[in-house]
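Here the structure comes first, spelled out in structure tokens, and everything after it is commentary.
The following block contains the structure:
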């Protein structure tokens with residue numbers, strides 16, 4: 005599977021992402037301190053607990069829950085968000101790193117509106133999350149237009 009059309013595309017994106025250290029969070033989101041909470045969740049109580057732990061950045065609880073092989077780690081809430089998507093959206097870097105180490109996690113699973121965990125992390129200005137995701141070899145960048153139009157950078 006090819007992630008970029010050319011090596012230059014990958015270099016341009018990598019260079020651009022390095023500039024994210026200059027992001028001003030107050031310009032990247034209309035509500036930069038908004039913490040997203042999971043909505044109605046299909047599945048077991050364990051799935052609900054995983055969503056809640058990822059939403060709150062509770063690394064110890066996430067670690068405990070993902071040990072259970074029966075948990076649907078890529079389950080979605082009624083807004084089609086995964087626990088990983090919510091952790092990326094809320095900027096919980098330690099939870100994101102933990103989940104990146106679990107081979108069951110689909111880091112590219114998008115919502116129904118096509119927003120990926122990478123996209124929402126960029127939109128909300130979470131540079132540590134963006135940098136962690138950018139180092140993943142299987143990260144898909146769906147739309148450069150969407151990416152660039154939703155990131156605000158300081159000049």
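In this note's numbering, the protein residues as written are 5 to 159.
Each residue gets a CB set at the ideal place from its N, CA and C atoms; glycine is no exception.
Test item: CB-CB of residue i and residue j under 7 Å
i, j, result
"residue 107", "residue 63", "no"
"residue 126", "residue 87", "no"
"residue 82", "residue 115", "no"
"residue 109", "residue 75", "no"
"residue 124", "residue 92", "yes"
"residue 79", "residue 51", "yes"
Environment of residue i [buried if 16+ CB atoms lie within 10 Å]
i, result
"residue 53", "buried"
"residue 94", "buried"
"residue 73", "exposed"
Presumed contact (8 Å Cβ cut-off) between residue i and residue j, rounded CB distance
i, j, result
"residue 132", "residue 111", "Going by Cβ atoms, the distance from residue 132 to residue 111 rounds to 15 Å, so no, they are not a contact pair."
"residue 129", "residue 96", "Between residue 96 and residue 129 the Cβ distance is about 14 Å, and since that is not below 8 Å, they are no contact."
Other residues of its chain near residue i: CB distance less than 8 Å, five sequence neighbours each side excluded
i, result
"residue 143", "7, 111, 112, 122, 137"
Close Cβ partners of residue i (< 6 Å) along its chain, the five nearest in sequence each way excluded
i, result
"residue 65", "57"
Close beta carbons around residue i, own chain, < 7 Å, minus the five adjacent residues each side
i, result
"residue 67", "102"
"residue 100", "91, 92, 133, 136"
"residue 105", "none"
Test: residue i CB closer than 7 Å to a CB of chain C
i, result
"residue 113", "Protein chain content of the structure displayed is limited to a single chain, and chain C is not contained in it."
### Message
Which complete alpha helix (DSSP H) runs does the region 48–88 hold, if anything under 4 residues is left out?
### Response
49–60, 63–70
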